[in-house]
Amino acid sequence: MSKLKIEGKHILSGEIQISGAKNSAVALLPAAVLAKKKSIIYNVPEISDIKYLIDIMKLLNCEVEHKDGTLYIDSSNLKNKPIPEELSVQMRASYYFMGALLAKFGKVEISFPGGCNIGARPIDIHIKGFEQLGATVDIVKNRYTITADKLKGAKIFFDFPSVGATINIMMAAVGAEGTTIIENAAMEPEIVNVASFLINMGVKIRGAGTKRIEIDGCKDLDNGVCEVFPDRIESGTYIIIGALLGDNLKIKGIIKEHIEALLIKLKEIGVDYEIDNDVMTISKCENLKAVNLKTLVFPGFPTDLQQPLVTLLTQAKGKSLVEETLYENRFKNTYDLNRMGAITNILTMNKLEVKGPKNLKGTHVIATDLRGGASLLIAGLIAAGETEIDNCDVILRGYGNLVEKLSNVGAKLEITE
Ligand code: UD1
Numbered sequence: 018m019s020k021l022k023i024e025g026k027h028i029l030s031g032e033i034q035i036s037g038a039k040n041s042a043v044a045l046l047p048a049a050v051l052a053k054k055k056s057i058i059y060n061v062p063e064i065s066d067i068k069y070l071i072d073i074m075k076l077l078n079c080e081v082e083h084k085d086g087t088l089y090i091d092s093s094n095l096k097n098k099p100i101p102e103e104l105s106v107q108m109r110a111s112y113y114f115m116g117a118l119l120a121k122f123g124k125v126e127i128s129f130p131g132g133c134n135i136g137a138r139p140i141d142i143h144i145k146g147f148e149q150l151g152a153t154v155d156i157v158k159n160r161y162t163i164t165a166d167k168l169k170g171a172k173i174f175f176d177f178p179s180v181g182a183t184i185n186i187m188m189a190a191v192g193a194e195g196t197t198i199i200e201n202a203a204m205e206p207e208i209v210n211v212a213s214f215l216i217n218m219g220v221k222i223r224g225a226g227t228k229r230i231e232i233d234g235c236k237d238l239d240n241g242v243c244e245v246f247p248d249r250i251e252s253g254t255y256i257i258i259g260a261l262l263g264d265n266l267k268i269k270g271i272i273k274e275h276i277e278a279l280l281i282k283l284k285e286i287g288v289d290y291e292i293d294n295d296v297m298t299i300s301k302c303e304n305l306k307a308v309n310l311k312t313l314v315f316p317g318f319p320t321d322l323q324q325p326l327v328t329l330l331t332q333a334k335g336k337s338l339v340e341e342t343l344y345e346n347r348f349k350n351t352y353d354l355n356r357m358g359a360i361t362n363i364l365t366m367n368k369l370e371v372k373g374p375k376n377l378k379g380t381h382v383i384a385t386d387l388r389g390g391a392s393l394l395i396a397g398l399i400a401a402g403e404t405e406i407d408n409c410d411v412i413l414r415g416y417g418n419l420v421e422k423l424s425n426v427g428a429k430l431e432i433t434e
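This is how it looks when you write it as structure tokens:
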């Protein structure tokens, strides 16, 4: 098990370049199997989920070359094969092969996806959507076989604006006859990124990024080219680090509109920054103030930044109240934060109180999930002494070149086996 060792309290200056978004990239790869033959995806992050997705694509007989952040995919000889559990459980995004292969072949066999253990994370909205398009879904012991002689466009109303279901149904709808309308669709930037890739392949999609998306079925797709948007969650994490330790730290690759909820919350906390085009300059801020925070779907405050922000709130004066509305198990990081000297109390399953400011001290902690691990990483960077984070591989799932990016701006950290 890999360990991340951090020597805390180093001031950070220089530049950090934000990578392509994990949650876009992991959907764009499966979407590439819909292309006529070839796809090019630029700005692909260096994270382990991508490696596992490439393994699945190779299993499906795609040729994949990963060079300098660009993926060249040739799906000319694509074959529909069952995706084994050992690959599908490696990440959440394996479920995107459901929509993509269903559209392409009218059949897909795959096990329940993996991903961070932050709640139950059912996929009933995806399944209901496939069925409304005319597919039959058989589930035997977590193994899904989804078949359709013919997919037919339908009007689908989501009970909840799920990111995964919106992308999955958008892809399945490409293989349907006629128009599919998704109502109460998710509006996250990842949806727009995937829709623009499909549009580039010749699919007619209207409304991606709004609550209503229309997709016209398309049999004759072209090759596809797209660029992964910069990662809004990675951006947010480095911004929080900058607010705690920066000395004119520059964060490059910011899309302001994608992180508006965070930026407004930071102002409320008392964090100062400047944005010039896509570059943010940020320095360590004093006199941070406690705030109340509620996670919501986009454009609300993203659940993936809740745990990193909690670490910032341990340094804010007063009592903050954090409400997590997306997942029922996303405060696990607070156990170790408290061991480092923070004072947080879980009031109910989805409400957390944070009292600050508290000086943190380094100790031995365990990353239980990706963003919870990021929260401990931030804690380690501001703590006195040395912090050792066990199971740090889960953090690297979402932060490409983490050690290199932070070392380049003056942090002291290393990964040991
Ligand atoms: C994606 C992101 C994840 C992020 C989340 C919310 C990827 C690979 N992961 O996850 O980082 O935290 O969006 O922004 O992109 N739900 C159901 N039934 C379903 C689908 C979802 O009840 O069929 C519930 C989930 O349990 C959760 C909520 O809806 O409580 C949000 O899920 P969803 O938007 O689907 O998130 P993911 O696609 O899993």
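Residue numbers (the numbering used here): 18 to 434.
We treat Cβ as the ideally placed atom computed from N, Cα and C, and that holds for glycine.
Beta-carbon to beta-carbon, Leu387 and Gly415 are separated by about 5 Å, close enough to satisfy the 8 Å threshold. Of all C-beta pairs linking the stretch 143-155 to the stretch 67-80, fewer than three are shorter than 8 Å, placing the two stretches out of contact.
Residue state for Arg249 is assigned as helix, using DSSP reduced to three classes.
Proximity of the beta carbon of Ser105 to the ligand UD1 is not indicated: no heavy atom of the ligand is located closer than 7 Å.
Counting the other CB atoms within 10 Å of its CB gives Tyr59 a total below 16, which places it among the exposed residues. Nearest to Gly25 by alpha-carbon distance, out of Glu405, Glu434 and Val411, is Glu405.
Here Val242 is bridged, per DSSP, to Ile57.
Looking at the DSSP output, Ala225 sits in a beta bridge with Thr227. Within the model, the alpha-carbon separation for Ile127 versus Asn362 is close to 40 Å.
DSSP places Phe147 outside any beta strand (DSSP E); the residue lies instead in the alpha helix (DSSP H), whose first and last residues are Asp141 to Gln149. Non-local beta-carbon contacts of Ile73 in its own chain, meaning distances under 7 Å to residues more than five positions away in sequence, involve Ile100, Leu104, Ser111 and Phe114 in chain order. Cβ neighbours of Gly427 within its own chain (closer than 8 Å, five residues either side excluded): His27, Ile28, Leu29, Ser30 and Gly31. Not a single heavy atom of the ligand UD1 lies less than 7 Å from the C-beta of Tyr89. A residue is called buried once 16 or more other Cβ atoms fall within 10 Å of its Cβ, and Leu283 is buried on that count. Asp407 carries a strand assignment under DSSP once its states are collapsed to helix, strand and coil.
Ranked by how close their Cα comes to the Cα of Ser93, the residues Asp239, Ala171, Lys334 and Met297 have Asp239 in first place.
When the beta-carbon positions are compared, Val242 and Ser56 come within less than 8 Å of each other. Boundaries for Asn309: no alpha helix (DSSP H) harbours it, while the beta strand (DSSP E) harbouring it runs Asn309 to Lys311, taken from the DSSP string. Beyond the five residues adjoining it in sequence on each side, Ala359 comes within less than 6 Å, by CB distance, of Thr331 and Lys375 in the same chain, given in chain order.
Boundaries of the alpha helix (DSSP H) around Phe122: Tyr113 to Phe122. Our two residues, Gly335 and Met366, have alpha carbons roughly 22 Å apart in a direct line. With a cut-off of 8 Å on Cβ pairs, the stretch 206-213 is in contact with the stretch 243-262, counting three or more such pairs. By the C-beta density criterion, Glu431 is exposed, having fewer than 16 other C-beta atoms within 10 angstroms.
Between the C-alpha atoms of Glu421 and Lys20 there is a straight-line separation of about 15 Å. Taken atom to atom, the span from the alpha-carbon of Leu266 to that of Ile258 is near 10 Å.
C-alpha of Val43 to C-alpha of Leu338: approximately 32 Å in a straight line. Burial is judged here by how many other beta carbons sit within 10 angstroms of a residue's own beta carbon; Leu364 has fewer than 16 and is exposed.
Beta-carbon to beta-carbon, Ala52 and Met187 are separated by about 15 Å, too far to satisfy the 8 Å threshold. Assigned with DSSP and collapsed to three states, Thr320 falls in helix. In the DSSP assignment, Lys269 falls within the beta strand (DSSP E) that extends over Leu266 to Lys269.
If the five residues before and after Lys372 are omitted, its C-beta is found closer than 7 Å to the C-beta atoms of Lys336 and Ile360, all from its own chain and listed in chain order.
Note that the C-beta distance between Phe214 and Ala278 is not below 8 Å.
For Phe214, the enclosing alpha helix (DSSP H) stretches over residues Pro206 to Asn217. When C-alpha distances from Tyr89 are compared across Ala171, Leu46, Ile135 and Thr164, the shortest belongs to Leu46. An exposed status is given to Thr433, since fewer than 16 other beta-carbon atoms sit within 10 Å of its beta-carbon.
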